[in-house]
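In terms of our numbering, the sequence shown opens at residue 427 and continues consecutively.
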Amino acid sequence: MSDVSASELVLRADPQDVPWDLTVEVVVAGSGAAGWAAAIGAALGGASVLVLEKESAIGGTTAKAGGGADEIASTWLWICNHPWLSSIGVHDPKDDALRYLARLARPERYHPDSPSLGLPEREFELLETFYDRGSEAVAALGECGALPLRPLEQTLDYFADLPENATPRGRGLYFPRADGSEGTGADIIESMRAAAVELGVQVRTSSPVRGVVIDEDGSAVGVSTGDRASRMMLVRARGGIVMATGGFTRDPDLVRSHLRGPIVGGLASEGNDGDLVRISGALGLDLANMNEAWYAPMVLDLSPYPLSAAFRLPGDSMILVNRYGRRVVNEKTTYNEMTRAFFSWDPARAEYPNLPLVMIYDSAVSERCRAMPEDAPVTEGGGNPLPRIPGEGHELVADTWGELAVAIDARLAEYESVLPGVRLAPEFVTNLSETLQRWTRMSELGTDEDFARGGTSTERRRSGAPRTPDMPNPTMHPFVETGPYYAVVLVPGTLDTKGGPRIDSSARLLASDGAPVPGLYGAGNAIASPAGQAYWAGGTTLGLAVTFGWIAGVDAAARGKAQ
427 MSDVSASELV LRADPQDVPW DLTVEVVVAG SGAAGWAAAI GAALGGASVL
477 VLEKESAIGG TTAKAGGGAD EIASTWLWIC NHPWLSSIGV HDPKDDALRY
527 LARLARPERY HPDSPSLGLP EREFELLETF YDRGSEAVAA LGECGALPLR
577 PLEQTLDYFA DLPENATPRG RGLYFPRADG SEGTGADIIE SMRAAAVELG
627 VQVRTSSPVR GVVIDEDGSA VGVSTGDRAS RMMLVRARGG IVMATGGFTR
677 DPDLVRSHLR GPIVGGLASE GNDGDLVRIS GALGLDLANM NEAWYAPMVL
727 DLSPYPLSAA FRLPGDSMIL VNRYGRRVVN EKTTYNEMTR AFFSWDPARA
777 EYPNLPLVMI YDSAVSERCR AMPEDAPVTE GGGNPLPRIP GEGHELVADT
827 WGELAVAIDA RLAEYESVLP GVRLAPEFVT NLSETLQRWT RMSELGTDED
877 FARGGTSTER RRSGAPRTPD MPNPTMHPFV ETGPYYAVVL VPGTLDTKGG
927 PRIDSSARLL ASDGAPVPGL YGAGNAIASP AGQAYWAGGT TLGLAVTFGW
977 IAGVDAAARG KAQ
């Protein structure tokens, strides 16, 4: 092979003419949950496997999950009809599960009387595959010791009350530590890594996939790898290449070009800058779902790249307002859905009026939410934007609403480079006063007439008992009449993106004509997510990643044995 440069994304050559440095049956690019599931699946199938990790440490975005304030809180896997459901007395029939999956994945297409529930056939097939093989994946990974999971018996799906959801609890799975507590993403990665190495899987860090080698009949036969400081290494993959390289959160140009609204930052691993998107373009693969992401509000003050997500906004005398002092969203809805409020466009003003949103709360919320043991998360599930010490860091404090507005506006001025031209409206304090008066009336009635806060089982269960017996809605309470009052400025971010090349039910990447590229697979956030726009429950991202990573590894191993 002549004139091969480090920057080439697709190398076309007869494999017999390539000076391979190493030959294995399966190459896996990426060492998050999807990558390790692929590696273990392939190794259990008898294949020799090499995992190539772009960064200097393994784990990707999965390894960041659940370890602290600057990391992702949820570390669950969400799997339909998993093997432990029967032990907790829960059943998850396929037809019912598919209705829930499809209803949220493509709400604009959903039709309950259609054979494919209104979805394009290939998208519906992927949801069927997720249901059919997710349980297979976690069972096998548990059996080999890689993922000894346990069910979260009472944990509800994010849309537990939808009529399409016949199994609203029990699909979540956690990784138990030795003491029985829920493990972090780092725990999951270490367990999977140890199992993979025990099976003979090789691992190389600081080894990004720089290009894919394609033979004359269009099959993927190997990769080029190595960091910029080293010689390019050519690795042959007789069975297949599994791309589990993550999304494109860390590439600002791709984010700007594809996501549906302004994004200020994200939690994805540093290496998640769209490697597979660029390779897909060079190969002519069919990209889809590029305008979607796993969304979460982020704390502005941890810019220029926010690293703290507000997964759960605490308290009852707490609201979110835009820079005009108006509520615009149910503050207790899921983080993914809440983030969509930032993207509202006002054509009259030609602006995003909800960028940013300000979380406002009183001393009662501050005292209740901070009165917990020092070693415990401030609220169940973590991701709480309140610092441990009042007034610390990103939290603004003032004795009056007017003084708090001045502090918020000054904070926005500090972040002109992140939110150019964005300041509080002159009528902010006046509108906020009206908003709070309306909030008091609705709290006393127990009904959020604007956004139905506290109207779902999931919201009520997270909120616990009302602060006082005379408050009918546990998520709502009037603000105290005197300060201090508090504020945290929030901006839109992602856990990672969820667009990329399409896959089929064997996790093979598809060309623009719909045909699979032989030997080339994808899983995790690098691909067009089968979830569409949905975030069905906590653990959705890892459930999908492990399922389709497993499928890819198993199929690639079988292909290698057949060569």
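Beta carbons: idealized from backbone N, C-alpha and C, even for Gly.
Item	Value
Please find out if some non-hydrogen atom of the ligand MG comes closer than 7 angstroms to the beta-carbon of Ala523.	The ligand MG is absent from the structure shown, which contains no ligands of any kind.
Taking 8 angstroms as the cut-off, decide whether the C-beta atoms of Thr488 and Leu968 are in contact.	yes
Below 8 angstroms, how does it come out for the region 507-521 and the region 717-726: are there three or more Cβ pairs, yes or no?	no
Which residues in the same chain have their Cβ closer than 6 angstroms to the Cβ of Gly544, if we skip the five residues on either side of it in sequence?	Arg535, Tyr536, His537
Could you tell me which residues DSSP pairs with Ser650 in its beta bridges?	Gly637, Leu660
Check whether the Cβ atoms of Thr501 and Thr631 lie closer than 8 angstroms to each other.	no
What beta strand (DSSP E) runs, 3 residues minimum, are completely inside the region 874-913?	none
Mind reading off the beta-carbon distance from Pro441 to Arg657? Whole number of angstroms is fine, and I expect it under 8 angstroms.	Contact doesn't hold; Cβ gap of about 20 angstroms is too wide.
Does the beta-carbon distance from Val917 to Glu821 come in below 8 angstroms?	no
Per the contact definition of three or more C-beta pairs closer than 8 angstroms, is the region 573-587 in contact with the region 860-872?	no
Here's the rule: buried if 16 or more other CB atoms are within 10 angstroms of the residue's CB, otherwise exposed. What is Arg879?	buried
Going by DSSP, what residues sit across from Gln628 in a beta bridge?	Leu476
Which residue comes first and which comes last in the beta strand (DSSP E) that contains Asp712?	Neither: Asp712 is in no beta strand (DSSP E) and is coded neither H nor E.
For a test of the three-state rule: what should DSSP assign to Asp772, helix, strand or coil?	strand
Using a threshold of 8 angstroms, state whether the C-beta atoms of Leu711 and Leu936 are closer than that.	yes
Quick check on the burial criterion: 16 or more other C-beta atoms within 10 angstroms. Buried or exposed for Val906?	exposed
Considering only their Cβ atoms, is the gap separating Gly673 from Thr923 smaller than 8 angstroms?	yes
From Phe439 to Val638, what distance separates their C-alpha atoms?	In the sequence as presented, Phe is not what sits at residue 439; that position holds Ala. So the two alpha carbons sit approximately 11 angstroms from each other.
Can you tell me where the alpha helix (DSSP H) holding Glu554 begins and where it ends?	547-569
Less than 8 angstroms between the beta carbons of Pro688 and Phe768, yes or no?	yes
Beta carbon of Ala531, beta carbon of Leu553: below 8 angstroms?	yes
Leaving out five residues on either side along the sequence, give the residues of the same chain with a beta carbon under 6 angstroms from the beta carbon of Ala708.	Leu435, Val436
Relative to the C-alpha of Leu994, which candidate in Arg686, Arg867, Ile466, Thr901 has its C-alpha closest?	This structure gives no information on residue 994, because the portion of the chain shown stretches from 427 to 989.
Report all residues from its chain with a CB closer than 8 angstroms to the CB of Asp981; omit the five preceding and five following residues, and keep chain order.	Gly666, Ser932, Ala933, Arg934, Tyr947
I'd like to know whether the C-beta atoms of Gly471 and Ala984 end up nearer to each other than 8 angstroms.	yes
Nearest to Lys758 by alpha carbon, out of Asn810, Asp772, Pro782?	Asn810
In whole angstroms, what separates the C-alpha of Asp742 from that of Gly691?	28 angstroms
Does the Cβ of Trp771 have 16 or more other Cβ atoms within 10 Å, making it buried, or fewer, making it exposed?	exposed
Return helix, strand or coil for Gly467, following the three-state DSSP convention.	helix
Using the beta-carbon count (16 or more within 10 Å), is Ala831 buried or exposed?	buried
Whole-angstrom Cβ separation of Pro892 and Pro900, contact assumed at under 8 angstroms?	4 angstroms
Going by the DSSP bridge assignment, what does Asp447 pair with across the sheet?	DSSP output for Asp447 lists no bridge partner at all.
Assign Lys480 to buried or exposed, taking buried as 16 or more other Cβ atoms, counted over all protein chains shown, within 10 Å of its Cβ.	buried
Output the distance between the C-alpha atoms of Gly700 and Gly945, rounded to the nearest integer angstrom.	20 angstroms
Please determine, among Glu451, Ala483, Ile484, Ala459, the residue with the shortest C-alpha to C-alpha distance to Ala469.	Glu451
For the region 714-723 and the region 826-844, state whether three or more C-beta atom pairs, one from each stretch, are separated by less than 8 angstroms.	no
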